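Reading the sequence shown from the start, the letters are residues 2 to 309 in my numbering.
A virtual CB, placed ideally from N, CA and C, is assigned to each residue, including glycine.
Please read these numbers as outputs of a predicted model, since none were measured by experiment.
In what follows, a single structure is set out as structure tokens and then discussed.
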Amino acid sequence: MHIARPFVKWVGGKSRLLEQFESLYPQELRKGFIENYFEPFLGGGALYFSIAEKYKIKNAYLSDVNGDLILTYKVIQKKHSDLLEFLAHYQEMYDKTSEKKRYDLFREVRKHFNDQRFEINYKKLSDNWIPRAAQFIFLNKTCFNGLFRLNSHGEFNVPFGKYDSINIVNEENTRAVSKILRNARIVHADYSDCYDKITAKSFVYFDPPYRPLTQTASFTAYTGTEFNDARQVELSLFFQKVDKKKKAKLMLSNSDPANVNPGDNFFRKAYSGYTIIRVCANRSVNCDGAKRGRISELVITNYMGRTG
Ligand SMILES: C[S@@+](CC[C@H](N)C(=O)[O-])C[C@H]1O[C@@H](n2cnc3c(N)ncnc32)[C@H](O)[C@@H]1O
2 MHIARPFVKW VGGKSRLLEQ FESLYPQELR KGFIENYFEP FLGGGALYFS
52 IAEKYKIKNA YLSDVNGDLI LTYKVIQKKH SDLLEFLAHY QEMYDKTSEK
102 KRYDLFREVR KHFNDQRFEI NYKKLSDNWI PRAAQFIFLN KTCFNGLFRL
152 NSHGEFNVPF GKYDSINIVN EENTRAVSKI LRNARIVHAD YSDCYDKITA
202 KSFVYFDPPY RPLTQTASFT AYTGTEFNDA RQVELSLFFQ KVDKKKKAKL
252 MLSNSDPANV NPGDNFFRKA YSGYTIIRVC ANRSVNCDGA KRGRISELVI
302 TNYMGRTG
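Rendered as structure tokens:
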């Protein structure tokens, strides 16, 4: 049986950290006491796919502010066979286009994707969602590093990625993802919208855009709105509110300022009293090439008794 995994390449994707995260999940998840899983900064959903395969959770609530990403999840959930047909069409077009002309093909799809954005009703699944989801996947696979970036007009503006070959249609994974998403609630929303649904039997994993380690290393504008320090602090207040009022198990990850500035105690202050653990990451964005492989990231929880 194929194990579902992220169908997009995503900045800040957690696939490479799953093994280290495994020992940091709450005991209650292992013991089967967690009924609801929440991932309000969904992105590629690496943790969700891994947790949904391994543990028995009754409900999953998955959300992100990226409307096209959420649209694509919903299309895979409800219309994966139709989507696969469109993806096969894009794969064929890409494969039969000469290397020189692939750049033109990319620009054509990107232009169509941008021009079409005002015709999409993100609130209601309709037939025009299916080609849009296919274009979203096509652009993710063919653009530079799988980035998703919008300019001030809301246009996707990532350049072409120049890959020799790409796999646009991954039929097995698309079917596995669709199956695992069957019982998930997928929502286009700000992270704070999940508050009312969280209960004491919930596990919430927060993976916000990283706080940049340096001014120049910043890649936090996934949707055209910056997740700056003020927003990081707002999130920490939300974390504290959910902890106190809902008694749910909470885990959050972010960049570790100590990689560049050991004196920076931003997260220690924002999450004072909570457990802060360092894990070893191998990031491909926001990361000085020389340090790749040795950079650490923070995991903050409300359920382990030590502070790092
Ligand atoms: C670090 S990525 C998550 C990566 C994900 N864990 C993975 O494995 O691919 C952060 C995500 O948060 C989303 N985001 C940014 N601001 C948000 C907000 N206010 N509410 C919800 N999602 C937000 C971005 O669109 C992006 O997909």
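Cα-Cα separation, residue i to residue j
{"i": "Trp130", "j": "Pro7", "result": "20 Å"}
{"i": "Arg17", "j": "Lys10", "result": "12 Å"}
{"i": "Gly264", "j": "Tyr272", "result": "16 Å"}
{"i": "Phe145", "j": "Phe39", "result": "30 Å"}
{"i": "Ser285", "j": "Met2", "result": "Residue placement at Ser285 is flagged as unreliable, the pLDDT there being 48, under the threshold of 50; the coordinate-derived value follows with that caveat. Each residue's alpha carbon lies about 30 Å from the other."}
{"i": "Val261", "j": "Asp230", "result": "17 Å"}
{"i": "Ile167", "j": "Ile77", "result": "20 Å"}
{"i": "Asp289", "j": "Asp128", "result": "For Asp289, the predicted model reports a pLDDT of 48, less than 50, meaning its position is unreliable; a value from the coordinates is still stated below. Their Cα atoms are separated by approximately 43 Å."}
{"i": "Ala61", "j": "Arg186", "result": "6 Å"}
{"i": "Ile35", "j": "Ile181", "result": "17 Å"}
{"i": "Ser193", "j": "Val243", "result": "10 Å"}
{"i": "Leu48", "j": "Asp208", "result": "10 Å"}
{"i": "Lys292", "j": "Thr143", "result": "In this prediction, Lys292 has a pLDDT of 47, which is less than 50 and means its spatial position is unreliable; what the coordinates show is noted afterwards. Roughly 27 Å separates the two Cα atoms."}
{"i": "Asn287", "j": "Leu236", "result": "Low confidence applies here, because Asn287 scores a pLDDT of 45, under 50, leaving its location unreliable; read the following figure in that light. Looking at the two C-alpha atoms, the distance is approximately 21 Å."}
{"i": "Ala89", "j": "Arg150", "result": "25 Å"}
{"i": "Pro27", "j": "Ile4", "result": "23 Å"}
{"i": "Asp83", "j": "Arg269", "result": "48 Å"}
{"i": "Leu63", "j": "Tyr95", "result": "32 Å"}
{"i": "Lys57", "j": "Lys202", "result": "13 Å"}
{"i": "Phe139", "j": "Val110", "result": "8 Å"}
{"i": "Asn70", "j": "Met305", "result": "Note that residue 70 is Leu in the sequence shown here, rather than Asn. If I take the Cα positions, the gap works out to 33 Å."}
{"i": "Arg307", "j": "Asn37", "result": "Residue confidence for Arg307 is low, a pLDDT of 41 falling below 50, so the modelled location carries little weight and cannot support an answer."}
{"i": "Tyr91", "j": "Asn184", "result": "29 Å"}
{"i": "Arg176", "j": "Val170", "result": "11 Å"}
{"i": "Asp116", "j": "Glu173", "result": "31 Å"}
{"i": "Leu72", "j": "Gly274", "result": "38 Å"}
{"i": "Gln136", "j": "Ala53", "result": "27 Å"}
{"i": "Pro321", "j": "Glu93", "result": "What is shown of the chain runs 2 to 309, which leaves residue 321 out entirely."}
{"i": "Lys246", "j": "Leu30", "result": "20 Å"}
{"i": "Ala259", "j": "Lys15", "result": "20 Å"}
{"i": "Phe87", "j": "Ser254", "result": "35 Å"}
{"i": "Lys125", "j": "His113", "result": "20 Å"}
{"i": "Leu19", "j": "Ala249", "result": "21 Å"}
{"i": "Asp165", "j": "Asn158", "result": "21 Å"}
{"i": "Pro132", "j": "Gly46", "result": "22 Å"}
{"i": "Val188", "j": "Asp65", "result": "7 Å"}
Residue range of the alpha helix (DSSP H) that includes residue i
{"i": "Ile138", "result": "130-143"}
{"i": "Tyr95", "result": "68-97"}
{"i": "Asn174", "result": "172-181"}
{"i": "Arg31", "result": "28-31"}
{"i": "Ala47", "result": "47-55"}
{"i": "Ala271", "result": "267-271"}
Residue from the options with nearest C-alpha to residue i
{"i": "Ala190", "options": "Glu23, Tyr123, Leu140", "result": "Tyr123"}
{"i": "Tyr206", "options": "Ile277, Leu251, Asp194, Glu86", "result": "Leu251"}
{"i": "Arg279", "options": "Asn266, Asp257, Lys270", "result": "Asp257"}
{"i": "Ser297", "options": "Tyr304, Asn303, Cys281, Ala47", "result": "Cys281"}
{"i": "Thr276", "options": "Lys270, Cys195, Asn303", "result": "Asn303"}
{"i": "Pro213", "options": "Phe267, Gly33, Glu156", "result": "Phe267"}
{"i": "Arg232", "options": "Asn37, Phe161, Pro210", "result": "Pro210"}
{"i": "Gly44", "options": "Gln92, Leu148, Phe87, Lys198", "result": "Leu148"}
{"i": "Asn153", "options": "Phe114, Ala135, Val300, Glu227", "result": "Per the sequence shown, residue 153 should be read as Ser rather than Asn. With distances taken between Cα atoms, Ser153 lies closest to Glu227."}
{"i": "Phe350", "options": "Ser51, Ala134, Glu29", "result": "In the structure as shown, the chain starts at 2 and stops at 309, and residue 350 therefore has no counterpart that could be examined."}
{"i": "His81", "options": "Thr98, Glu100, Ser179, Asn141", "result": "Ser179"}
{"i": "Asp105", "options": "Leu253, Lys163, Phe87", "result": "Lys163"}
{"i": "Ile301", "options": "Lys247, Phe240, Lys245", "result": "Phe240"}
{"i": "Lys32", "options": "Val188, Asn283, Leu253, Phe204", "result": "Phe204"}
{"i": "Arg118", "options": "Glu86, Lys125, Gly155", "result": "Gly155"}
{"i": "Asn67", "options": "Ala134, Lys55, Val234", "result": "Ala134"}
Range of the contiguous beta strand (DSSP E) that encloses residue i
{"i": "Asn1", "result": "Outside the displayed span of the chain (2 to 309) sits residue 1, for which this structure offers no information."}
{"i": "Glu40", "result": "37-40"}
{"i": "Arg279", "result": "276-281"}
{"i": "Val205", "result": "203-207"}
{"i": "Leu299", "result": "297-302"}
Ligand 1 heavy atom lying under 7 Å from the CB of residue i
{"i": "Gly33", "result": "no"}
{"i": "Asp191", "result": "yes"}
{"i": "Val178", "result": "no"}
{"i": "Pro210", "result": "yes"}
{"i": "Lys242", "result": "no"}
{"i": "Ala5", "result": "no"}
{"i": "Pro160", "result": "no"}
{"i": "Ala134", "result": "no"}
{"i": "Lys15", "result": "yes"}
{"i": "Ala47", "result": "yes"}
{"i": "Leu63", "result": "no"}
{"i": "Val66", "result": "yes"}
Cβ of residue i within 8 Å of any chain D Cβ
{"i": "Asn266", "result": "No chain D is present in this structure, which holds just one protein chain."}
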